[in-house]
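Under my numbering, the first residue of the first sequence carries the number 671, and numbering increases by one thereafter. For every residue, glycine included, the Cβ atom is placed at its ideal position computed from N, Cα and C.
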Amino acid sequence: MEGRAVNNVLDDLEWRGLVAHSTDRDALRAALDEGSVRFYVGFDPTAPSLHMGNLVQIVTARRLQLAGHTPYALVGGATGMIGDPKESGERALNSLDTVKAWVERVRRQIEPFLAFDGPHAATMVNNYDWTAPLSTIDFLREIGKHFPVNRMLARDVVRSRLDAGISYTEFSYVLLQSMDFLTLYRDHGVTLQFGGSDQWGNLTGGVELIRRADGGRAHAFATPLVTKADGTKYGKTEGGALWLDPTMMSPYAFYQFWLNVEDEKVGELLRIFTFLDRARIEELEALTTDKPWMRAGQKALADEVTTFVHGAAETERIKAASAALFGAGELHDLSPDTLGAALREAGSITVPADSSSSVVDLFVETGLSKSRGEARRTVAEGGAYLNNERVTDPEAQVGREDFIAGSWLVLRRGKKNFAGVELSRSMSG
RNA sequence: GGCAGGUUGUCCGAGCGGCCAAUGGAAGCGGACUGUAAAUCCGUCGCGAAAGCUACAGAGGUUCGAAUCCUCUACCUGCCA
């Protein structure tokens, strides 16, 4: 990554809508203008993979690094064992082994997105390293003393939990995260932290601790929560959340998610998640408004974000696959190689040449349907397709003649869920 | 430690001995309309072709019959200490 300086990075972040809250804006701007600011963003290991919400932080960290600032990426080996309070109720503690395993996964997942060499090289830190050795007495004397309980009780999350109950463990979370900021401030000169808007209380907790404990000046800002046009959460797609891990969500499905984003959200998501410049994004927004059916914004968004997360080569394969499967043309007109490549991206299985299967079984085997009953239901509802032709008979069997070019079967559930079945070569000769 | 309440399907949440595979929302899924969009309307939503099987925190028990009653265990919560 080249260390080119981007002027007014704060203006850019604000234009992109990435600053939902911040501490004194003028002071933050002055700090960012003055030179390379060391900043940090934390990721708690609450799942085996990062997801779309974390991606907001990742791209934001990268933008700051590209602008010449110096990132510290923190994995929450300690905080992940405590659990950030959330409004819906107390979290179940994860086992130590689970947290350790997830810390490693999260760490490896973050690494490709930041530059760990060059003039503003990133540093990876784990708050377990300074939290675990700390004695309770030191913690209470040096950290706890700076936190007025009345102030802590006034926080929205805590207040919302006072009836339902909140454990001391979760109540204390803000102290740990604040201590992280203080530690990085002291040991590495870190003066800026950002995080999701739900972290605002934890962010300001750190700023305040630095001021109270050391009389230091630090800054913080919060990125917005990204929601659907109707205000509900994203990520209720088939597999649940929108995972970055390719084994938890295939890159093809990841690309399809972005491609299917609502028109109203395209501009916002382009600004938040892509590195396209302002002129280009405004052009795409105008195109989306004027000719929404072209889906220019969605295509650019899916292309950019998938390339960022899964790489250019994979994205090219996905785009070719999407074009083949969603194209207006006849499946039979595609070359077997093109068709095969497309179906492998979408998901496919191989069956022996001498097997005979029902359509329902194949729907289950390819994962298009979770159970045979569900597959039969899909057929009954008119949502099952074999080689783009609707299947109406729940007992339908497939034969050798159904395989396109003697090798591939195209299954589809609904309008956009494809899977391939390849006839094994070894048996068919 | 004492007393009281809770744990239901993906989530929320009814049910309080048979009519319960379990009301109702939401999410999800399919269809129609479209642009692989949104909104809307319709359908669907444990497994099984069916018989039936497995499910209402876990383990036992009472009963012809239990999500519903009893006992123990685990976890969550409130009040008191």
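First and last residue of the beta strand (DSSP E) that includes residue i?
i	result
R811	That residue, R811, is in no beta strand (DSSP E); it is neither H nor E in DSSP.
R1082	1078-1083
L1093	1087-1093
G865	862-866
R708	708-713
H889	889-893
L1056	1054-1056
Classify residue i as buried or exposed, calling it buried when 16 or more other Cβ atoms lie within 10 Å of its own Cβ.
i	result
K1086	exposed
N872	buried
E934	exposed
G981	exposed
S1018	buried
M964	exposed
Y838	exposed
L680	buried
How far does the alpha helix (DSSP H) with residue i in it extend, from its first residue to its last?
i	result
E1071	Segment: none, E1071 is in no alpha helix (DSSP H) and carries neither H nor E.
R778	766-780
R732	722-736
T985	982-996
P803	Here P803 belongs to no alpha helix (DSSP H), and DSSP marks it neither H nor E.
F927	921-929
K935	933-943
A701	695-704
V828	826-831
D850	843-858
G750	749-752
Since residue i and residue j are thought to touch, with beta carbons under 8 Å apart, how far apart are those beta carbons, to the nearest angstrom?
i	j	result
L688	T893	5 Å
Q727	G875	18 Å between Cβ atoms; not a contact.
T958	V936	5 Å
Q863	F851	5 Å
P715	V745	7 Å
F891	S692	4 Å
L1009	L1001	7 Å
L1081	L1004	No, L1081 and L1004 are not in contact; Cβ-Cβ is about 15 Å, not under 8 Å.
G901	L940	Actually they do not touch by this definition, with Cβ atoms about 20 Å apart.
A1054	V1061	4 Å
R695	I942	Their Cβ separation, rounded to whole angstroms, is 19 Å, which puts R695 and I942 out of contact at 8 Å.
Y742	T793	5 Å
Y710	L946	Their Cβ separation, rounded to whole angstroms, is 26 Å, which puts Y710 and L946 out of contact at 8 Å.
S1039	T1048	6 Å
N796	T749	Actually they do not touch by this definition, with Cβ atoms about 10 Å apart.
V1100	M722	In this structure the chain extends from 671 to 1099, so residue 1100 is not present and cannot be described.
Enumerate in chain order the residues of its own chain whose CB-to-CB distance from residue i is below 6 Å, with the five nearest sequence positions on each side excluded.
i	result
T977	T985
L1093	A1023, F1073, S1077
I813	L845, M849
T806	none
T1020	E1092, S1094
W928	L971, A972, V975
G761	First, the residue type needs correcting, since residue 761 is Arg and not Gly in the sequence shown. If we look at R761 and ignore the five residues flanking it on each side, its Cβ neighbours are G753.
V979	L914
Y925	A972, T976, I988
E704	none
E774	none
G909	Here G909 scores only 45 on pLDDT, less than 50, and its place in the model should not be relied on; the value that follows carries that caveat. Excluding residues within five positions, the ones whose Cβ falls inside 6 Å are M919.
M751	V769
Is DSSP giving residue i helix, strand or coil here?
i	result
I1019	strand
A791	coil
A743	strand
G885	coil
N872	helix
T1036	coil
T716	coil
R1060	strand
S1005	coil
A837	Contrary to the premise, residue 837 reads as Ser rather than Ala in this sequence. DSSP places S837 in coil when its eight states are reduced to three.
T917	coil
G687	coil
G1043	helix
K961	coil
K898	coil
G759	strand
N796	strand
Which residues in the same chain have their Cβ closer than 8 Å to the Cβ of residue i, if we skip the five residues on either side of it in sequence?
i	result
R882	H816
A701	V707, T861, L862, H889
A998	none
Just to confirm my understanding: we take residue i, look at its own chain, exclude 5 residues before and 5 after, and list those with CB closer than 7 Å. What are they?
i	result
T907	Because T907 sits at a pLDDT of 45, beneath the cut-off of 50, its placement in the model cannot be relied upon, and the following sentence gives the value as read from the coordinates. Cβ neighbours of T907 beyond the five flanking positions: F927.
Closer than 6 Å to a non-hydrogen atom of the ligand ATP - does that hold for the CB of residue i?
i	result
E774	Although the ligand ATP was asked about, the structure shown includes no ligands whatsoever.
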